[in-house]
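In this note's numbering, the protein residues as written are 109 to 682.
Here a beta-carbon is modelled for each residue, glycine too, at the ideal position from N, C-alpha and C.
All values reported here derive from a predicted model rather than from experimental measurement.
Below you'll find the structure, written out as structure tokens, and then a few comments.
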């Protein structure tokens with residue numbers, strides 16, 4: 109019968125484990141000293157092939173073993189040798205490792221502490237895994253601490269969550285198992301509405317699970333669901349209106365556009381950090397400025413993310429609370445480079461919903477300035493406009509959508525760089541070697557460390573002895589612990605008016621103007637601090653100057669239009 113055949117297969121599987129391991133297996137859980145000694149002696153005899161009187165053979169290998177040992181460890185061999193004690197060889201060619209027999213193999217390997225065989229079994233489980241059997245494999249892996257198997261199962265479910273939710277195994281999930289999945293940022297779903305519907309399906313499967321509703325649904329990123337979808341797919345669910353905690357989650361999502369409500373529930377699920385470029389003046393379009401916000405996907409291809417309502421050049425961009433802010437700019441090409449077309453606009457782009465909001469304008473028109481974020485506020489520092497170079501500093505407060513004046517710099521400056529470190533904003537001077545520090549808590553400026561005469565390399569140029577612009581390829585590194593500057597690897601191509609940001613622990617330098625060649629650049633250069641090396645990445649689609657860049661978390665489904673709302677980019681003023 110089939111049952112008898114499976115029983116024989118299992119006994120053969122036990123035999124296969126033992127013949128592969130080639131050691132004596134002590135059946136007693138509390139063996140005596142004498143039995144342990146005997147076992148070691150038998151193992152030594154086997155290693156020396158002493159008195160081996162039986163050959164076991166698989167499809168590719170054969171092993172010399174002791175009949176006594178095999179008969180004592182395996183019912184299958186005991187039966188064979190009882191029928192024919194003089195049997196010289198046993199063929200096991202019909203024995204194949206399968207998910208049915210793997211449990212015996214792992215159990216034996218674990219008891220005898222054969223790590224190599226356990227690793228082989230783990231590799232086999234990973235090779236056989238699919239949505240239907242993944243929980244079976246997860247349970248085996250968990251029981252025998254096969255971490256690679258457990259990790260692979262977790263990754264498979266993350267990447268195939270919707271398909272897995274259709275299986276019987278999903279409905280057997282515990283609250284902790286499902287909760288852990290919904291918390292994970294790596295969960296791959298095309299829309300958060302689907303995650304909500306799957307969670308509700310699990311809750312409604314067993315009336316006793318209603319006690320988990322608020323805790324489980326708090327892991328749904330309601331803030332990333334569009335208002336129409338909230339109204340059509342979430343609000344009609346009785347639980348969301350009847351349960352006070354669930355209703356609070358719904359109300360919070362409706363008010364998502366407030367920065368103060370940003371949380372884990374508004375974070376994109378399954379997203380990736382991508383390099384984003386904003387505006388600029390493409391070389392091929394001559395005097396036309398760009399409106400585009402573009403991003404580089406994981407395959408290295410550049411894609412259009414959105415189009416801004418207005419042309420933009422020499423703007424500042426920064427990411428705060430998951431939103432991309434675009435501040436200041438020049439909205440027309442200025443042939444004489446006098447900043448006479450500088451504007452004071454502030455806009456906020458939301459990649460979740462592909463929406464663009466006009467916020468309160470800055471107190472001064474600015475271009476060639478710097479923009480920092482600290483403690484939930486934006487700081488627009490110096491720059492220039494048609495009236496000249498600025499020393500003023502403005503602070504944007506999202507909760508009141510308003511700007512405030514802050515202490516200005518002692519010396520006006522433009523074309524500078526800044527960074528936030530140790531609760532202070534450091535600002536360099538593009539055309540000198542000075543660095544100033546601004547402390548937001550006290551609203552004060554003070555001069556700090558001077559750079560080497562080369563200036564800040566990442567802004568790419570400085571004034572020569574006759575006042576001419578000169579490319580700078582040297583780069584310096586400041587150590588705040590020692591207060592010292594040191595030279596590091598030089599930039600591959602000197603550029604100015606380029607975009608700069610950090611992605612995956614590398615500094616990215618994008619586009620810009622090369623003075624020695626008198627032309628715009630489309631190169632993307634990346635610096636690895638750990639290796640102290642620069643490398644060339646995939647070029648921009650075309651050479652561009654005055655471009656800004658940043659990094660945001662962007663869902664790969666969004667690029668296909670399934671994660672964002674179905675409406676086109678809308679510009680709204682608030």
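Margin query: So the candidates are 302, 256 and 292; which of them puts its Cα closest to the Cα of residue 104?
Written below: Residue 104 is absent from the structure shown; the chain starts at 109 and stops at 682.
Check: In three-state DSSP terms, what is residue 380?
Finding: The sequence position of residue 380 within the chain shown is 272, counting from 1. Strand, per DSSP.
Notebook entry, point to check: Would you say the beta carbon of residue 640 comes nearer than 6 Å to a heavy atom of the ligand ZN?
Noted result: Of ligands this structure carries none, so the ligand ZN is not represented either.
Checklist line | Cβ-based burial, residue 282 [other Cβ within 10 Å; buried from 16] | finding: For the purposes of this step, residue 282 is taken as residue 174 along the chain shown, with counting starting at 1. Classification for residue 282: exposed.
Item checked: Residue range of the beta strand (DSSP E) that includes residue 543 -> Numbered from 1 along the chain shown, position 435 holds the residue referred to as residue 543. Start and end: 543-547.
Item checked: For residue 389, the residue or residues it bridges with in DSSP -> Your numbering for residue 389 matches position 281 in the chain shown. In DSSP, residue 389 forms a bridge with 653.
Checklist line | Proximal residues to residue 290 (C-beta, below 8 Å), its chain only, five neighbours per side dropped | finding: Taking the chain shown and counting its residues from 1, one reaches residue 290 at position 182. Only 303, 307, 324, 327 and 328 meet the Cβ criterion.
Next item on the list: Determine the direct distance from the alpha carbon of residue 248 to that of residue 235, and round the result to whole angstroms.
Entry: Start at 1 with the first residue of the chain shown, and residue 235 comes out as number 127. Start at 1 with the first residue of the chain shown, and residue 248 comes out as number 140. If you draw a straight line from the Cα of residue 235 to the Cα of residue 248, it comes to about 14 Å.
Checklist line | In DSSP terms, what residue 658 is bridged to | finding: As a working mapping, residue 658 is identified with position 550 in the chain shown. DSSP output for residue 658 lists 384 as bridge partner(s).
Next item on the list: Below 8 Å on the Cβ atoms is my guess for residue 503 versus residue 485; work out the distance and round it to an integer in Å.
Entry: Residue 503 sits at position 395 when you count from the first residue of the chain shown. Residue 485 sits at position 377 when you count from the first residue of the chain shown. 5 Å between Cβ atoms; contact.
Note to self: Relative to the C-alpha of residue 621, which candidate in 595, 640, 317 and 578 has its C-alpha closest?
What the structure shows: Against the chain shown, residue 621 aligns to sequence position 513. Comparing alpha carbon positions, the residue from 595, 640, 317 and 578 closest to residue 621 is 578.
Check: Shortest alpha-carbon distance to residue 475 belongs to which of 467, 453 and 198?
Finding: The residue given as residue 475 occupies position 367 in the chain shown. Looking from the CA of residue 475, the closest CA among 467, 453 and 198 belongs to 453.
Check: Does DSSP put residue 475 in a helix, a strand or coil?
Finding: Position 367 of the chain shown holds residue 475. It is a strand residue.
Notebook entry, point to check: Below 8 Å, can you find three or more Cβ-Cβ pairs linking the segment 456-465 to the segment 427-446?
Noted result: With three or more CB-CB distances shorter than 8 Å, the segment 456-465 counts as touching the segment 427-446.
Notebook entry, point to check: When the Cα of residue 658 is compared with those of 645, 404, 609 and 514, which residue comes out closest?
Noted result: The count along the chain shown starts at 1 and reaches residue 658 at position 550. Looking at 645, 404, 609 and 514, the one whose alpha-carbon comes closest to that of residue 658 is 609.
Check: Does the beta-carbon of residue 585 have 16 or more other beta-carbons within 10 angstroms, so that it is buried, or is it exposed?
Finding: Sequence index remark: in the chain shown, residue 585 carries index 477 (1-based). Counting Cβ neighbours within 10 Å, residue 585 comes out exposed, since fewer than 16 surround it.
Next item on the list: Between the Cα of residue 465 and those of 477, 424, 417 and 448, spot the shortest distance and give me the residue it belongs to.
Entry: Reading the chain shown from its first residue, position 357 is the one you call residue 465. Considering only 477, 424, 417 and 448, the residue with the shortest C-alpha distance to residue 465 is 417.
Item checked: Best match in 436, 165 and 158 for proximity to residue 386 [C-alpha to C-alpha] -> In the chain shown, the residue the question calls residue 386 occupies position 278. With distances taken between Cα atoms, residue 386 lies closest to 436.
Notebook entry, point to check: Expressed to the nearest angstrom, what Euclidean distance is found between the alpha-carbon atoms of residue 562 and residue 533?
Noted result: As a working mapping, residue 562 is identified with position 454 in the chain shown. As a working mapping, residue 533 is identified with position 425 in the chain shown. Reliability of the predicted coordinates at residue 562 is poor, the pLDDT of 39 falling under 50, and no value is obtained from them.
Check: Is DSSP giving residue 499 helix, strand or coil here?
Finding: Taking the chain shown and counting its residues from 1, one reaches residue 499 at position 391. In this structure, residue 499 counts as strand in the three-state DSSP scheme.
Item checked: Which residues DSSP lists as bridging residue 161, in chain order -> Counted from its first residue, the chain shown places residue 161 at position 53. None; residue 161 has no bridge partner.
Checklist line | residue 133 - DSSP class collapsed to helix/strand/coil | finding: Here residue 133 corresponds to residue number 25 of the chain shown, with the count starting at 1. With a pLDDT of 39 at residue 133, under the threshold of 50, the predicted position of this residue should be treated as unreliable, though the coordinate-derived value follows. Here residue 133 carries a coil assignment [DSSP, helix/strand/coil].
Item checked: For residue 602, the nearest candidate out of 642, 399, 499 and 316 (CA to CA) -> As a first step, residue 602 is located in the chain shown; it is residue number 494 there, counting from the start. Among 642, 399, 499 and 316, the Cα nearest to that of residue 602 belongs to 642.
Notebook entry, point to check: In three-state terms, what does DSSP make of residue 345?
Noted result: The residue you call residue 345 lines up with position 237 of the chain shown. DSSP, read as helix, strand or coil, puts residue 345 in coil.
Notebook entry, point to check: Should residue 349 and residue 342 be called a contact, given that it needs their Cβ atoms to be closer than 7 Å?
Noted result: Position 241 of the chain shown, counted from the first residue, corresponds to residue 349. Position 234 of the chain shown, counted from the first residue, corresponds to residue 342. Contact annotation: residue 349 and residue 342 have beta-carbon atoms that are not nearer than 7 Å.
Item checked: Cα-Cα separation between residue 145 and residue 286, rounded to whole angstroms -> What you label residue 145 is simply residue 37 of the chain shown in a count that begins at 1. What you label residue 286 is simply residue 178 of the chain shown in a count that begins at 1. Since pLDDT at residue 145 reaches only 49, below the 50 mark, its modelled position is unreliable, and the value read off the structure follows with that caveat. C-alpha separation (whole angstroms): 49 Å.
Next item on the list: Specify, as a first and last residue, the run of the beta strand (DSSP E) that residue 254 falls within.
Entry: Locating residue 254 in the chain shown gives position 146, counting from the first residue. In the DSSP annotation of this structure, residue 254 is not part of any beta strand (DSSP E), being labelled neither H nor E.
Note to self: If I follow the unbroken beta strand (DSSP E) through residue 466, where does it start and stop?
What the structure shows: The sequence position of residue 466 within the chain shown is 358, counting from 1. Note, residue 466: beta strand (DSSP E), 463-467.
Note to self: Do residue 403 and residue 97 have their beta-carbon atoms positioned less than 7 Å apart in this structure?
What the structure shows: An answer regarding residue 97 cannot be provided, because it is not within the stretch 109 to 682 covered by the chain.
Note to self: Below 8 Å on the Cβ atoms is my contact criterion, and I expect residue 332 with residue 312 to pass it. Report the Cβ-Cβ distance as a whole number of Å.
What the structure shows: As a position in the chain shown, residue 332 is number 224, starting the count at 1. As a position in the chain shown, residue 312 is number 204, starting the count at 1. Beta-carbon to beta-carbon, residue 332 and residue 312 are separated by about 23 Å, too far to satisfy the 8 Å threshold.
Item checked: Whole-angstrom distance between residue 517 and residue 496, CA atom to CA atom -> Counting from 1 along the chain shown, the entry for residue 496 is found at position 388. Counting from 1 along the chain shown, the entry for residue 517 is found at position 409. Approximately 15 Å between the Cα atoms of the pair.
Item checked: Cα-Cα separation, residue 198 to residue 161 -> On the chain shown, residue 198 is found 90 positions in, with the first residue counted as 1. On the chain shown, residue 161 is found 53 positions in, with the first residue counted as 1. Each residue's alpha carbon lies about 11 Å from the other.
Notebook entry, point to check: Hey, quick one: how far does the beta strand (DSSP E) through residue 526 stretch, first residue to last?
Noted result: Stepping through the chain shown from its first residue, residue 526 is reached at position 418. From DSSP, the beta strand (DSSP E) with residue 526 extends over 526-529.
Check: Under a Cβ-count criterion, where at least 16 other Cβ atoms within 10 Å of its own Cβ denotes burial, should residue 449 be classed as buried or exposed?
Finding: Within the chain shown, the letter at position 341 stands for residue 449. So residue 449 counts as buried.
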